Amino acid sequence: MTERNISADSPEKRAAGIAASRMVESGMVVGLGTGSTVAYTIKELGRRVREEGLEILGVVTSYQSEMLAIEAGIPLANLAQHPELDIAIDGADQIDSKLYAIKGGGAAHTREKIVSASARRFLVVADESKTSIQLDKAVPVEVLPFAKTLVIKKIKELGGKPELRLGLRKDGPVITDNGNFVLDVNLGVINDPEGLALKLSSIPGVVEHGIFSNVDELYIGKKDGSVEIVRK
Numbered sequence: 014m015t016e017r018n019i020s021a022d023s024p025e026k027r028a029a030g031i032a033a034s035r036m037v038e039s040g041m042v043v044g045l046g047t048g049s050t051v052a053y054t055i056k057e058l059g060r061r062v063r064e065e066g067l068e069i070l071g072v073v074t075s076y077q078s079e080m081l082a083i084e085a086g087i088p089l090a091n092l093a094q095h096p097e098l099d100i101a102i103d104g105a106d107q108i109d110s111k112l113y114a115i116k117g118g119g120a121a122h123t124r125e126k127i128v129s130a131s132a133r134r135f136l137v138v139a140d141e142s143k144t145s146i147q148l149d150k151a152v153p154v155e156v157l158p159f160a161k162t163l164v165i166k167k168i169k170e171l172g173g174k175p176e177l178r179l180g181l182r183k184d185g186p187v188i189t190d191n192g193n194f195v196l197d198v199n200l201g202v203i204n205d206p207e208g209l210a211l212k213l214s215s216i217p218g219v220v221e222h223g224i225f226s227n228v229d230e231l232y233i234g235k236k237d238g239s240v241e242i243v244r245k
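The sequence shown runs 14 to 245 under the numbering used here.
Set out below in structure tokens:
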């Protein structure tokens, strides 16, 4: 399966993904995120399952991560079977100096947030390009199709500029694994991620937004193959 946004091997992403995978031990139930960096984590965990006898269960956040985990040979479970996870590992579209993150480039942020909130420990893997002093990228917001017009109106009242995410190889909007639309909301520099998160969550019809405030550790892959670890 071709991972999103991987056109060539990335030493930075590989280093971060593999470093985080070393935090996984036998007996753990592991949340497996979505995206090009955590794909390296999933592949490495699969290698350890096959070659080292690592015994884990994976709980996936998207169709993409499910297919990658199956290909890697990782046994899968779900939150109904294991409502509390030992660890969750995921990527980020941007993460600031206080470990607030924006996620949802792959339109999987609702399930990613549920899985990460179910874990005792949440790790984010990223390359240096994803780090920033403050968040300023567009925030993905998953919305019920029925509520799209209302949500757009309310977001504009907050000063945001929402755009409906359209499919690249299909006519019409991107549809999430939950059957909903995604709005990409430009809000400029986000000085108060917690406050903005509360305002977005209060809008009727918003399923989930892409601001994450529960990151425990950040693994930053460098071009030389080294990894910087930042903890809360």
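Just so it is clear, CB atoms sit at the ideal spot from N, CA and C, and this is done for glycine as well.
Note that the structure is a prediction, hence the values are computed from the model and not measured.
When we look at the beta-carbon of residue i and count the other beta-carbons within 10 Å, is it buried (16 or more) or exposed?
i, result
"Ala-132", "buried"
"Ile-102", "buried"
"Pro-158", "exposed"
"Asp-22", "exposed"
"Ile-108", "buried"
"Ser-142", "exposed"
"Ser-49", "buried"
"Gly-117", "buried"
"Ser-110", "exposed"
"Ser-254", "No answer is possible for residue 254: the residues shown for the chain start at 14 and end at 245."
"Asp-184", "exposed"
"Arg-124", "buried"
"Ile-203", "buried"
"Ala-82", "buried"
"Ala-85", "buried"
"Gly-119", "buried"
"Leu-98", "buried"
"Leu-171", "exposed"
"Glu-249", "This structure does not reach residue 249, given that the chain is present from 14 up to 245, and the question cannot be answered."
"Arg-178", "buried"
Do residue i and residue j have their C-beta atoms within less than 9 Å of each other?
i, j, result
"Ile-115", "Val-164", "no"
"Tyr-232", "Ala-90", "no"
"Ile-55", "Ile-100", "no"
"Val-152", "Leu-213", "yes"
"Gly-201", "Asp-106", "no"
"Val-43", "Val-72", "yes"
"Val-243", "Val-195", "no"
Tell me which same chain residues have a C-beta within less than 6 Å of the C-beta of residue i, skipping the five on either side of it?
i, result
"Lys-167", "Ile-216"
"Glu-241", "Ile-233"
"Gln-77", "Thr-47"
"Asp-229", "Arg-134, Phe-135 and Lys-245"
"Pro-24", "Gly-238"
"Leu-70", "Val-42, Pro-88 and Ala-90"
"Leu-45", "Ile-55, Gly-71, Val-73, Ser-78 and Ala-82"
With a cut-off of 8 Å on the beta carbons, I'd call residue i and residue j a contact; round off their distance for me.
i, j, result
"Gly-180", "Asn-199", "At roughly 20 Å, the Cβ-Cβ gap does not stay under 8 Å, so Gly-180 and Asn-199 are not in contact."
"Lys-197", "Glu-176", "Per the sequence shown, the amino acid found at residue 197 is Asp instead of Lys. With a Cβ gap of about 5 Å, Asp-197 and Glu-176 count as contacting."
"Glu-221", "Lys-161", "The pair is not a contact, with the Cβ atoms about 15 Å apart (cut-off 8 Å)."
"Gly-104", "Ala-139", "6 Å"
"Gly-218", "Val-156", "5 Å"
Determine, for residue i, whether the minimum Cβ-Cβ distance to residues of chain B falls below 9 Å.
i, result
"Lys-116", "Any reference to chain B falls outside this structure, which holds one protein chain only."
What does a CB cutoff of less than 7 Å around residue i pick up in its chain, not counting 5 residues either side in sequence?
i, result
"Ala-121", "Thr-47, Thr-74, Ser-75 and Asp-190"
"Ser-226", "Tyr-113, Pro-206, Glu-207 and Ala-210"
"Tyr-53", "Lys-26, Arg-27, Gly-30 and Ile-31"
"Ile-146", "Asp-109 and Ser-110"
"Arg-61", "Leu-67"
Between which residues of its own chain and residue i is the CB-CB distance below 8 Å, once the five residues before and five after are set aside?
i, result
"Lys-169", "Pro-175"
"Pro-96", "Ser-131"
Open item on the list: Within 8 Å, do at least three Cβ pairs link the stretch 221-239 to the stretch 22-37?
Closed with: yes
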